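Visitor:
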Amino acid sequence: GENVEQHPSTLSVQEGDSAVIKCTYSDSASNYFPWYKQELGKGPQLIIDIRSNVGEKKDQRIAVTLNKTAKHFSLHITETQPEDSAVYFCAALDGGTYKYIFGTGTRLKVLA
Amino acid sequence: EAGVAQSPRYKIIEKRQSVAFWCNPISGHATLYWYQQILGQGPKLLIQFQNNGVVDDSQLPKDRFSAERLKGVDSTLKIQPAKLEDSAVYLCASSPRSPGEQYFGPGTRLTVT
Chain L
3 GENVEQHPST
13 LSVQEGDSAV
23 IKCTYSDSAS
33 NYFPWYKQEL
43 GKGPQLIIDI
53 RSNVGEKKDQ
63 RIAVTLNKTA
73 KHFSLHITET
83 QPEDSAVYFC
93 AALDGGTYKY
103 IFGTGTRLKV
113 LA
Chain W
266 EAGVAQSPRY
276 KIIEKRQSVA
286 FWCNPISGHA
296 TLYWYQQILG
306 QGPKLLIQFQ
316 NNGVVDDSQL
326 PKDRFSAERL
336 KGVDSTLKIQ
346 PAKLEDSAVY
356 LCASSPRSPG
366 EQYFGPGTRL
376 TVT
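Sequence order for the protein chains is L and W. Once you know that position 67 of the first sequence is 69 in my numbering, the rest is easy, because the numbers rise by one and skip nothing. Once you know that position 91 of the second sequence is 356 in my numbering, the rest is easy, because the numbers rise by one and skip nothing.
(1) Answer yes if the stretch 346 to 366 of chain W comes into contact with the stretch 16 to 32 of chain L, meaning at least three C-beta pairs across the two stretches below 8 Å, and no otherwise.
(2) If you measure beta-carbon to beta-carbon, which residues of the stretch 47 to 75 of chain L are closer than 9 Å to chain W?
(3) Look up L:S86 in the DSSP assignment and say whether it is helix, strand or coil.
(4) Could you check what DSSP says for W:D351 in three-state terms: helix, strand or coil?
(5) Count the C-beta pairs between the stretch 88 to 102 of chain L and the stretch 38 to 47 of chain L that are closer than 8 Å, then say yes if the count reaches three, no if not.
(6) Relative to the C-alpha of W:T373, which residue among W:F314, W:R281, W:N289 is closest?
(7) Per DSSP, what kind of secondary structure is W:L335 in: helix, strand or coil?
(8) Under 9 Å, Cβ to Cβ, is there at least one residue of chain L near W:A428?
(9) How big is the Cα-Cα spacing for W:Q367 and L:G45?
(10) Just reading off the beta strand (DSSP E) that L:I49 is part of, what are its end residues?
(11) Do the CB positions of L:N55 and L:L95 come within less than 9 Å of each other?
(12) For W:I277, does the count of other Cβ atoms within 10 angstroms reach 16, so buried, or fall short, so exposed?
(13) With a threshold of 9 Å between beta carbons, is W:Q367 in contact with chain L?
(14) Tell me which residues of the stretch 289 to 320 of chain W have at least one Cβ-Cβ distance to chain L shorter than 9 Å, keeping chain order.
(15) Against chain W, does L:K24 count as a neighbour if the rule is that its beta carbon must be under 9 Å from one of theirs?
(16) Could you tell me which chain W residues have their CB closer than 7 Å to the CB of L:L95, listed as they occur along the chain?
(17) Assess contact between the stretch 279 to 299 of chain W and the stretch 337 to 348 of chain W, defined as three or more Cβ pairs (one per stretch) separated by less than 8 Å. Is contact present?
(18) Chain L partners of W:L356, CB-CB under 8 Å?
(19) Measuring straight from C-alpha to C-alpha, what distance separates L:Q62 and W:Q282?
(20) Measuring straight from C-alpha to C-alpha, what distance separates L:V66 and L:L77?
(21) Are the stretch 301 to 314 of chain W and the stretch 95 to 109 of chain L touching by the rule of at least three beta carbon pairs closer than 8 Å?
(22) According to the neighbour-count rule (16 or more other Cβ atoms, all chains shown, within 10 Å of its Cβ), is W:Y275 buried or exposed?
(23) Which residues share a DSSP beta bridge with W:S359?
This is how it looks when you write it as C-alpha cells:
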C-alpha cells in the first residue's frame with residue numbers, strides 16, 4: 003500500500019520569508035495529492051491540491067509542485083505571515099484502494 | 266454552505282466505558298469518512314461510507330469500534346469498551362464523491378483515563 007513521508011517535522015521562518023515542506027510517496031498509481039492546514043483545535047482544511055497530470059499549481063502565496071518520476075511533491079508558501087503558523091499535512095490518494103494516506107505533519111512557526 | 270458538524274467537541278471517559286460520536290456531513294455529500302488522529306500524527310482512516318454502505322473498514326478495530334450511517338446522512342462512531350490508547354481526536358470528513366476532495370469537521374477530542 004501507499005506510504006507518505008513528510009519533512010521537516012518542524013519549521014521556523016521569519017515573517018516574509020518562504021517556507022517549503024516536502025513529501026515523498028511510494029505508490030506510482032497515486033494520482034491526487036492534497037495539502038491541508040490544521041490550526042489548533044480545528045480539523046484539517048484543504049488549502050491546495052494537485053493531480054498527477056500537472057507539474058505545478060499556484061494559488062496566491064501558495065504553490066505545490068509534483069515530480070512524478072521522483073515521487074515527491076512540495077508545498078511552497080511565499081511571503082509568510084504569522085497567520086500561516088499551523089500544522090501542515092500532505093496526503094496521497096492511493097490509486098488502488100482510493101484511501102487517503104497522510105504524512106506525519108509539519109509544524110510551521112512564522113516569527114514576527 | 267454549512268460545514269461538517271461534529272459533537273461532542275470534547276469527551277473524557279474512564280477505560281472500559283463506552284462513548285459515541287456524531288457527525289453531520291455537508292448536505293449532498295455521498296461519501297463520509299471517520300479518521301483517528303493521535304497527537305503528533307496524521308489522520309488515519311477508520312471507516313469510509315458511500316451513502317449508507319461501508320466502502321472500507323479494514324483499519325477499524327471491530328472488536329471495540331462500530332459505526333453506522335443510517336439513511337446515508339448522519340453517522341455515529343462508537344467505542345465500547347474504551348482503552349487508554351483510544352485517546353485521540355476523531356475527525357469526520359465528507360466528500361461529494363469517491364474519490365474526491367475531503368472537507369473535515371472540527372473533530373472530537375477523546376481522553377480515556
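C-beta atoms are modelled at their ideal positions from N, C-alpha and C, and glycine is treated no differently. Owing to the predicted nature of the structure, the values given are computational and were not obtained by experimental measurement.
Guide: A quick look at the data gives this:
(1) no
(2) Q47, L48, D51
(3) Position 84 of the first sequence, counted from the start, is the residue given in the question as residue 86 of chain L. Just to set this straight, residue 86 of chain L is Asp in the shown sequence, not Ser. Reduced to three states, the DSSP call for L:D86 is helix.
(4) As a first step, residue 351 of chain W is located in the second sequence; it is residue number 86 there, counting from the start. Three-state result, W:D351: helix.
(5) yes
(6) Here residue 373 of chain W corresponds to residue number 108 of the second sequence, with the count starting at 1. Measuring from the Cα of W:T373, the nearest candidate turns out to be W:N289.
(7) Here residue 335 of chain W is taken as the residue at index 70 of the second sequence, counted from 1. If DSSP states are grouped into helix, strand and coil, W:L335 belongs with the helices.
(8) Outside the shown range of chain W (266 to 378) lies residue 428 of chain W, about which nothing can therefore be said.
(9) To locate residue 367 of chain W, count along the second sequence from 1; it is residue 102. To locate residue 45 of chain L, count along the first sequence from 1; it is residue 43. Cα to Cα, W:Q367 sits roughly 11 Å from L:G45.
(10) For this step, residue 49 of chain L is matched to residue 47 along the first sequence. Unbroken beta strand (DSSP E) run through L:I49: 47 to 53.
(11) Residue mapping note: residue 55 of chain L aligns to position 53 of the first sequence, counting from 1. Residue mapping note: residue 95 of chain L aligns to position 93 of the first sequence, counting from 1. It is not a contact, given that the beta carbons lie outside the stated cut-off.
(12) Locating residue 277 of chain W in the second sequence gives position 12, where the first residue counts as 1. The residue is exposed, with fewer than 16 neighbouring Cβ atoms inside 10 Å.
(13) Reading the second sequence from its first residue, position 102 is the one you call residue 367 of chain W. Judged by the 9 Å Cβ criterion, W:Q367 is in contact with chain L.
(14) Y298, Y300, Q302, G305, Q306, G307, P308, K309, L310, Q313, V320
(15) Reading the first sequence from its first residue, position 22 is the one you call residue 24 of chain L. L:K24 does not count as touching chain W.
(16) Locating residue 95 of chain L in the first sequence gives position 93, counting from the first residue. What L:L95 touches in chain W: P364.
(17) yes
(18) In the second sequence, the residue the question calls residue 356 of chain W occupies position 91. Within 8 Å Cβ-Cβ: G45, P46.
(19) Residue 62 of chain L sits at position 60 when you count from the first residue of the first sequence. Residue 282 of chain W sits at position 17 when you count from the first residue of the second sequence. Their backbone Cα atoms lie some 48 Å apart in a straight line.
(20) As a position in the first sequence, residue 66 of chain L is number 64, starting the count at 1. As a position in the first sequence, residue 77 of chain L is number 75, starting the count at 1. Looking at the two C-alpha atoms, the distance is approximately 5 Å.
(21) yes
(22) In the second sequence, counting from the first residue as 1, residue 275 of chain W sits at position 10. Exposed, since its Cβ has fewer than 16 Cβ neighbours within 10 Å.
(23) The residue you call residue 359 of chain W lines up with position 94 of the second sequence. The partner list for W:S359 (beta bridge, DSSP) reads W:L297, W:Y368.
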